[in-house]
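Taken in sequence, the protein lines are chains V and S.
Just so you know, we're using my numbering here: the first sequence kicks off at 25 and counts up by one.
Just so you know, we're using my numbering here: the second sequence kicks off at 12 and counts up by one.
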Amino acid sequence: GAVVSQHPSRVICKSGTSVKIECRSLDFQATTMFWYRQFPKQSLMLMATSNEGSKATYEQGVEKDKFLINHASLTLSTLTVTSAHPEDSSFYICSARRPDQPQHFGDGTRLSIL
Amino acid sequence: AQSVTQLGSHVSVSEGALVLLRCNYSSSVPPYLFWYVQYPNQGLQLLLKYTSAATLVKGINGFEAEFKKSETSFHLTKPSAHMSDAAEYFCAVSEGSGNQFYFGTGTSLTVIP
Chain V
25 GAVVSQHPSR VICKSGTSVK IECRSLDFQA TTMFWYRQFP KQSLMLMATS
75 NEGSKATYEQ GVEKDKFLIN HASLTLSTLT VTSAHPEDSS FYICSARRPD
125 QPQHFGDGTR LSIL
Chain S
12 AQSVTQLGSH VSVSEGALVL LRCNYSSSVP PYLFWYVQYP NQGLQLLLKY
62 TSAATLVKGI NGFEAEFKKS ETSFHLTKPS AHMSDAAEYF CAVSEGSGNQ
112 FYFGTGTSLT VIP
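This is the structure in structure tokens:
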């Protein structure tokens, strides 16, 4: 079945640093990738939709300069949290899909900013 | 506009008992409906999906769900709970299988030995 790999699974860093999270579709070409944020005991909130070769579409309230998304190839999208602060600590999950196919989710990245 | 409501943020059942997790949706177009399971610190795993074919959908791990248009519901059931079923369950709706998902707030299932 379709596999989506997300890396790293956990990251702890100091406030003010930038953190990059990778999302890879391992056995299919993902025309679209999605980035979600999940707070403890809450549902997934869509942050942005990323199509290969074009700029990401951000949901209302998500700072595009804070959360930089790059979808340079059909198998890789990256989310960079710039100048991270403690309030950015969260569980970030990506998903990937082919046209007219369901999304397949990565295992998530637990980001902790000290 | 589409939305999903999951009634009951926490559900507890005894091992071997029936599992029923409720999901109601709102959609202006024929919906695609999904149930996902999430284990701690992991991503989402697809349990089953409804894509306008059979209204009773069978998924993995013995779960199934029935699409009821008249009730705008897509409740998830399993005849006999197992300890390994303890997890967070999310219902989601989309206009098409590949389009944006709208997730419910989730239901945490506890299985009591």
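Note that CB positions come from ideal geometry on N, CA and C, so glycine has one too.
Remember, it's a predicted structure, so these values are computed and weren't measured experimentally.
Compare the C-beta of residue 13(S) with all C-beta atoms of chain V and state if any pair is closer than 8 Å. no
Residues of chain S with a CB under 8 Å from the CB of residue 134(V): which are they? 52
Taking the straight line between their C-alpha atoms, what separation do you get for residue 58(S) and residue 90(V)? CA-to-CA, the gap between residue 58(S) and residue 90(V) works out to about 33 Å.
Below 7 Å CB to CB, which residues in the same chain sit around residue 114(V) once its five sequence neighbours on both sides are set aside? 61, 62, 63 and 135
Return yes when the Cβ of residue 129(V) is within less than 8 Å of the Cβ of residue 55(S), no when it is not. yes
According to DSSP, simplified to helix, strand and coil, what is residue 81(S)? helix
Where the stretch 71-87 of chain V meets chain A: residues whose CB sits under 9 Å from a CB there: Looking at the structure shown, chain A is missing, and the protein chains on hand are V and S.
Check distances from the C-beta atoms of the stretch 48-68 of chain V to those of chain S and list, in chain order, the residues that come in under 9 Å. Listed by position along the chain: 55, 56, 58, 60, 62, 65, 66, 67 and 68.
Terminal residues of the beta strand (DSSP E) in which residue 62(V) lies: Looking at the DSSP string, the run of the beta strand (DSSP E) that includes residue 62(V) is 56-62.
How about residue 118(S) and residue 19(S): do their beta carbons lie closer than 8 Å? Yes. Within cutoff.
Checking 8 Å against the spacing of the C-beta atoms, do residue 47(V) and residue 118(V) come in under that value? yes
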